[in-house]
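Below: one structure, written as structure tokens.
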Amino acid sequence: MTDLSPEQIRSLGSQALLITFVITAALGAIMQRTNFCTLGAVSDGILMEDWSRMRQWCLAIGIAILGVAFMSHLGWIDVTKSLYTGNRVLYLSTFIGSVLFGIGMVLASGCGSKTLVRIGSGNLKSIVVFIVLGLVAYMTMRGFLGV
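Per the numbering used here, the sequence shown starts with residue 2, numbered consecutively.
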């Protein structure tokens, strides 16, 4: 590996931030335009028998899985160090957490990605939802509810 000067590192950081901004702005615009939401996909499929948003959601999951597999294959990430590849499965915790998360999505009027889109649109309720989502996620992983 070659040694980089501090100026080159700052330049790479600026380029990475610019690329990240462009990608996330495009993703946010697409998510807002298509009403991408996990809760919406499930409710549309079950209540209205319209599976178009569920197909969008499945496509997004498939692309994410392929992306992780590609990055793992290239050695960019180590999936064995992930929280989700543990050697034990806590069935009761998973069930209770899933039910509570689903109830939270209904009370929040959407999933986490929909909350981020609404924050970008200026919805103040979504800021409160996002703060609560972050606090509960932290408590689940490291704090009061951590296992």
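Glycine included, every Cβ here is placed at the ideal spot set by N, Cα and C. Bear in mind that the values here come from a model prediction, so they are computed numbers and not experimental data.
So Thr-39 packs on Trp-58, CB below 8 Å; how close in whole Å? The pair is a contact, with the Cβ atoms about 6 Å apart (cut-off 8 Å).
Whole angstroms are fine: how far does the CA of Met-72 sit from the CA of Gly-29? 23 Å
Residue span of the alpha helix (DSSP H) that contains Val-130, given as start and end: 125-142
Nearest to Thr-141 by CA position, among Asn-88, Ser-127, Cys-112 and Leu-101, is which residue? Taking only the C-alpha atoms, the option nearest Thr-141 is Leu-101.
Hey, quick one: how far does the alpha helix (DSSP H) through Thr-21 stretch, first residue to last? Thr-21 -> alpha helix (DSSP H) spans 7-35.
Report buried or exposed for Ala-42, applying the criterion of at least 16 other Cβ atoms within 10 angstroms of its Cβ. The residue is buried, with at least 16 neighbouring Cβ atoms inside 10 Å.
Taking the alpha-carbon positions, what's the Thr-116 to Ser-15 distance? 27 Å
For Arg-89, count the other beta carbons within 10 Å of its own beta carbon; 16 or more makes it buried, fewer makes it exposed. Which is it? exposed
CA-CA distance, Glu-50 and Ser-44? Each residue's Cα considered, the two are about 9 Å apart.
What does a CB cutoff of less than 8 Å around Leu-134 pick up in its chain, not counting 5 residues either side in sequence? Gly-105, Ala-109, Gly-113 and Thr-116
Please give me, in chain order, every unbroken run of the alpha helix (DSSP H) with length at least 4 that falls completely inside the region 32-91. 39-48 and 53-75
Quick check on the DSSP output: the alpha helix (DSSP H) that includes Ser-114 runs from which residue to which? 113-121
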